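Student: The numbering of the sequence shown is this note's numbering, which starts it at 56 and goes up by one.
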Amino acid sequence: MLDFVSTRRGILKTGGALVVTFALAAKPYAALARSSALTKTVAPDEVDGFLSIDADGQVTVYSGKVDLGTGLRTALTQIVAEELDVPIDRVRLIQGDTALTPDQGVTAASLSIQKGGMELRQAAATARKALAELAAKRFGVPVTELRIEGGTIKGNGISASYAELIGDGTFSLKIDNNAPAKDPAAYKVVGKSVARLDIPDKATGRFSFMHDFRVAGMLHGRVVRPLAIGASLESVDESSVSGVPGLLKVVRERNFLGVVATTEWGAIQAARKLKATWSNWEGLPDRAGLWDHVRATRIRSDAVTSNVGDSAKAMGDASKRISATYDFAIQTHGSIGPSCAVVAINDGKITCWSASQATQSLRRQLAAMMDVPLDDVHCLYVEGSGCYGRNGHEDAAGDAALLSRAMGGRPVRVQWMRADEHGWDPKGPPTLADLRAGIDAEGRIIAWESEFFLPEDGFAPVPLIAATLAAGVPVAPIMQPYRQGSPSMMASNSAIPYSLPNIKTVAHLLAETPFRWSWIRSPGRMQNAFANECFVDEIAASVGVDPLDLRLSHLKDARGAELLRRLATLAGWESRLSPRSPTQSDVMVGRGISYAKDFPSPTYVGAVAEVEVDRRNGEIRVQRFFVVHDCGQIINPDGVRNQIEGNIIQSVSRTLKEEVLFDRSAVTSLHWATYPILTFPEVPDVIIELVDRPTEKPSGAGEAAAAVVPSAISNAVFDAIGVRLRSVPFTPAKVLAAIEGH
56 MLDFVSTRRG ILKTGGALVV TFALAAKPYA ALARSSALTK TVAPDEVDGF LSIDADGQVT
116 VYSGKVDLGT GLRTALTQIV AEELDVPIDR VRLIQGDTAL TPDQGVTAAS LSIQKGGMEL
176 RQAAATARKA LAELAAKRFG VPVTELRIEG GTIKGNGISA SYAELIGDGT FSLKIDNNAP
236 AKDPAAYKVV GKSVARLDIP DKATGRFSFM HDFRVAGMLH GRVVRPLAIG ASLESVDESS
296 VSGVPGLLKV VRERNFLGVV ATTEWGAIQA ARKLKATWSN WEGLPDRAGL WDHVRATRIR
356 SDAVTSNVGD SAKAMGDASK RISATYDFAI QTHGSIGPSC AVVAINDGKI TCWSASQATQ
416 SLRRQLAAMM DVPLDDVHCL YVEGSGCYGR NGHEDAAGDA ALLSRAMGGR PVRVQWMRAD
476 EHGWDPKGPP TLADLRAGID AEGRIIAWES EFFLPEDGFA PVPLIAATLA AGVPVAPIMQ
536 PYRQGSPSMM ASNSAIPYSL PNIKTVAHLL AETPFRWSWI RSPGRMQNAF ANECFVDEIA
596 ASVGVDPLDL RLSHLKDARG AELLRRLATL AGWESRLSPR SPTQSDVMVG RGISYAKDFP
656 SPTYVGAVAE VEVDRRNGEI RVQRFFVVHD CGQIINPDGV RNQIEGNIIQ SVSRTLKEEV
716 LFDRSAVTSL HWATYPILTF PEVPDVIIEL VDRPTEKPSG AGEAAAAVVP SAISNAVFDA
776 IGVRLRSVPF TPAKVLAAIE GH
């Protein structure tokens, strides 16, 4: 039964949930800034937590998952518009506002549609069912005789719009997980390519990013970083910045040092000129001995990700054994726009605007760092320049919070510089993998063993730099730590998708890494699939079998096998052994294949890379990528293609170029010259085939395709020149060394 509160005035009088849309504001974030004064449920098990309908029939959707530039806003809008049978232009999305949106967890792991979108779908299905029941009672007809079109319910010659039934009221309903969702056969919006809602404003310069955000009375801050990651601040000479125009204050909290000025240029100048003395610190490992350091790191626990048969015995019985070790470099997020945040404190209540993909977690971290009740912290998402993992967005927010407190609560904007972003954002951790296979006298694979050296996942938030530097500031644990037997994100894809008689795959979860680390797109999945899929190719060459044929012969998953056959057709794969017949050409061409069934989003993806390798200088040029992608039900085909293309391009960059450089004290690759990324002329052609399964649940498209890129390129290089590349990135120097050592 619906419990309606008919007017906004009535809501305010009764203290009920105010249903209002902010999307009509000229600047959405300005409207959102006022939202903390309103009362609205954010309960994740209530319809009102996720959506409302106003007196004009406008549907407002409240999503805890946020659009990081991936097109999620459009897809979520399609899901709700479809389920409620309303036009897309009648649906508005509010995202990542901790006062208005339910806590749906971090926007990560390709779960935004699979989990977040399906929660919205079920909320909308519950609302649709309730509205239909109300209309049926009003019309005096069974629900089965009603039809819904464009947000209007019709039956028995009578009609009523959603607005007439509930406009400006609340549902006061628990989400009914048994409420039937719409039959995919009747879809009009889902499964269709809808133009992204954000692109017009972005293409014409009207879109307001986090970096454009302003509030009245806002000041500008910059943080002065230690010269070494673990250094202590010994002294500060404030007289060194006495002449900087607009400088208001030098802020020091133990090892946290920052400046606040009336203008951004004033803050930049003050940060550059401020003289400070730091202690020496050389706690990082020698980069040349990084992999020895990783192997020697204390193992906190082991995660056995698969255990079939008796691999040790089978390995001992094998007529032939092969082994290989693979490593994947430390990488940075490399966001094109450095991180930015604004924080204001009013009457002890903190408001934070950030491009964080985890506003709820950030809210808890700020409450802990600032030692205030959780209810006194309000975080609002404003889209930034992308992150694809936990980059510096949250850290910039921590910086701004400390500086705002030092300025009596006045709003302070902190814009990181390039050296901040490359030097201080959390890093993708180094990973190492040892693989072994046993082959019998008939050339059959009888054993597979692997050991991965990975950081312990924990799913805990990355500590804020500001909290760490301002030593003594309380930092409370936010999430449950990793427990033995629970899934580890970094161990994803370490188990192989193939059927063999004896398999044992183990992830050694390490107690620490050289740098503060966090997830970068396809964490664990890319590194682990790289090792596994390269090793499959090594086995294929060892037993004299075509790499695709070997995969198909050991793949019992019909859906995966179908995908690989589609891939063979798409790429024009010709069955043969690798490498191709040797020639003496300076530039050689090759093709390589890779396959993965992703975790935790059960998406199937396969890719064939076509490459050119210049034997003279070691340069690899990726010409084309063929991708077949099966993520179940597709919400927006064009959006999925966007995701796959972005995955391929970014992952080619990571595979060929990206590696954090450091000495014993700090990161030294602080600019694009020392941390190069893929350039436009180097972008490969990407040819995509989507497998749509409308009756299946949707899974993720945000990260799966990234997982197969490094191995496909490595396998293609072997096909071209007959040498194995087992160390990412595949720099020219590594290619030349492999050729020389072959």
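Glycine included, C-beta positions come from ideal geometry on N, C-alpha and C.
Small disclaimer: the values here were computed from a predicted structure and weren't measured.
For the segment 583 to 614, which segments carrying the alpha helix (DSSP H) assignment without a break, of at least 4 residues, lie completely within its bounds, in sequence order?
Tutor: Taking only runs of at least 4 residues, the alpha helix (DSSP H) segments lying wholly in the segment 583 to 614 are 602 to 608.
Student: Quick one: using the 10 Å Cβ neighbour count with 16 as the cut-off for buried, is R460 buried or exposed?
Tutor: Answer is buried; the Cβ neighbour count reaches 16.
Student: Would you say V349 and L565 are within 9 Å of each other, going by their C-beta atoms?
Tutor: A contact, by the Cβ cut-off of 9 Å.
Student: If we count the other Cβ atoms within 10 Å of its Cβ and call it buried at 16 or more, is W320 buried or exposed?
Tutor: Exposed, since its Cβ has fewer than 16 Cβ neighbours within 10 Å.
Student: With a threshold of 6 Å on Cβ separation, who are the neighbours of W503 within its own chain once the five nearest residues in sequence on each side are excluded?
Tutor: Within the same chain, W503 has close Cβ partners A492, L555 and I558.
Student: Checking 9 Å against the spacing of the C-beta atoms, do I648 and L603 come in under that value?
Tutor: Their beta carbons are under 9 Å apart, which means I648 touches L603 by this criterion.
Student: Please return the same chain residues whose Cβ sits closer than 7 Å to the Cβ of K82, not counting the five positions on each side in sequence.
Tutor: Residue confidence for K82 is low, a pLDDT of 37 falling below 50, so the modelled location carries little weight and cannot support an answer.
Student: Determine the direct distance from the alpha carbon of S543 to that of A78, and round the result to whole angstroms.
Tutor: Here the model assigns A78 a pLDDT of 30, short of 50, so the residue's position is not dependable and the matter cannot be decided.
Student: Just how far apart, CA to CA, sit S597 and K247?
Tutor: So the alpha carbons of these two residues sit roughly 45 Å apart.
Student: Once the 5 residues before and after A286 are set aside, which same chain residues still bring their CB inside 6 Å of it?
Tutor: Excluding residues within five positions, the ones whose Cβ falls inside 6 Å are W333, S334 and W336.
Student: Closer than 8 Å by C-beta to A187: which residues in its own chain qualify, once you throw out the five before and the five after it? Chain order, please.
Tutor: So the qualifying residues of the chain are V198, L201, I203 and I208.
Student: Looking at the secondary structure, which residues open and close the alpha helix (DSSP H) in which S505 lies?
Tutor: Segment I500 to P510 is the beta strand (DSSP E) holding S505; no alpha helix (DSSP H) there.
Student: Give the secondary structure of E497 by DSSP, where H, G and I count as helix, E and B as strand, and everything else as coil.
Tutor: DSSP places E497 in coil when its eight states are reduced to three.
Student: For R261 and I377, I'd like the C-alpha separation in whole angstroms.
Tutor: Their Cα atoms are separated by approximately 58 Å.
Student: Considering only the alpha carbon of each residue, which of P784, L791 and P393 lies closest to A384?
Tutor: Here the closest residue by C-alpha is P784.
Student: Tell me whether Q420 is buried or exposed, calling it buried when 16 or more other Cβ atoms sit within 10 Å of its Cβ.
Tutor: Counting Cβ neighbours within 10 Å, Q420 comes out buried, since at least 16 surround it.
Student: DSSP beta-bridge partners for M370?
Tutor: For M370, which the question treats as bridged, DSSP gives no partner whatsoever.
Student: With 16 as the cutoff for other CB atoms within 10 Å, does D685 come out buried or exposed?
Tutor: Counting Cβ neighbours within 10 Å, D685 comes out buried, since at least 16 surround it.
Student: When the Cβ atoms of the segment 303 to 314 are set against those of the segment 287 to 294, are three or more pairs found closer than 8 Å?
Tutor: Yes: at least three Cβ pairs fall under 8 Å.
Student: Going along the chain, which unbroken runs of the alpha helix (DSSP H) with 4 or more residues stay wholly within the segment 430 to 476?
Tutor: As far as the segment 430 to 476 is concerned, its whole alpha helix (DSSP H) runs of at least 4 residues are 448 to 461.
Student: Just to confirm my understanding: we take K170, look at its own chain, exclude 5 residues before and 5 after, and list those with CB closer than 6 Å. What are they?
Tutor: Cβ neighbours of K170 beyond the five flanking positions: none.
Student: Could I get the ranges of all uninterrupted beta strand (DSSP E) runs contained in the segment 728 to 766, with 3 residues as the minimum, in chain order?
Tutor: Counting whole runs of 3 or more residues, the segment 728 to 766 contains the beta strand (DSSP E) stretches 740 to 746.
Student: Could you spell out where the alpha helix (DSSP H) holding M273 opens and where it closes?
Tutor: Segment: none, M273 is in no alpha helix (DSSP H) and carries neither H nor E.
Student: Can you name, in chain order, every residue of its own chain whose Cβ lies under 7 Å from the Cβ of F226, other than the five neighbours on each side?
Tutor: The answer, listed in chain order, is L57, V102, D103, A182 and A185.
Student: Please report the distance separating the alpha-carbon of G172 from that of Q150.
Tutor: Going by the C-alpha atoms only, they are around 12 Å apart.
Student: Bridge partners for F717 per DSSP, in chain order?
Tutor: Per DSSP, V722.
Student: Residue range of the alpha helix (DSSP H) that Q133 falls in?
Tutor: Where Q133 is concerned, the enclosing alpha helix (DSSP H) stretches over L127 to L139.
Student: Residues in its own chain within less than 7 Å of E744 by CB, not counting five upstream and five downstream?
Tutor: The answer, listed in chain order, is R621, L625 and V683.
Student: Measuring only the C-alpha atoms, how far is A793 from S782?
Tutor: If you take the alpha carbons of A793 and S782, they lie about 11 Å apart.
Student: Do you know whose CA, among D653, G687 and V642, lies nearest R676's CA?
Tutor: Looking at the Cα atoms, V642 is the closest of the given residues.
Student: Quick one: grab the DSSP three-state call for S782.
Tutor: Strand at S782.
Student: Let me check understanding here. Comparing Cα to Cα, which of G701, H726, A721 and R719 lies closest to E713?
Tutor: Nearest of G701, H726, A721 and R719 to E713, Cα basis: H726.
Student: Give the DSSP-derived three-state secondary structure of Q688 in the structure shown.
Tutor: In this structure, Q688 counts as coil in the three-state DSSP scheme.
Student: Please name the residue in P485, T729 and H797 whose C-alpha comes closest to that of A351.
Tutor: Minimum Cα distance to A351 is reached at P485.
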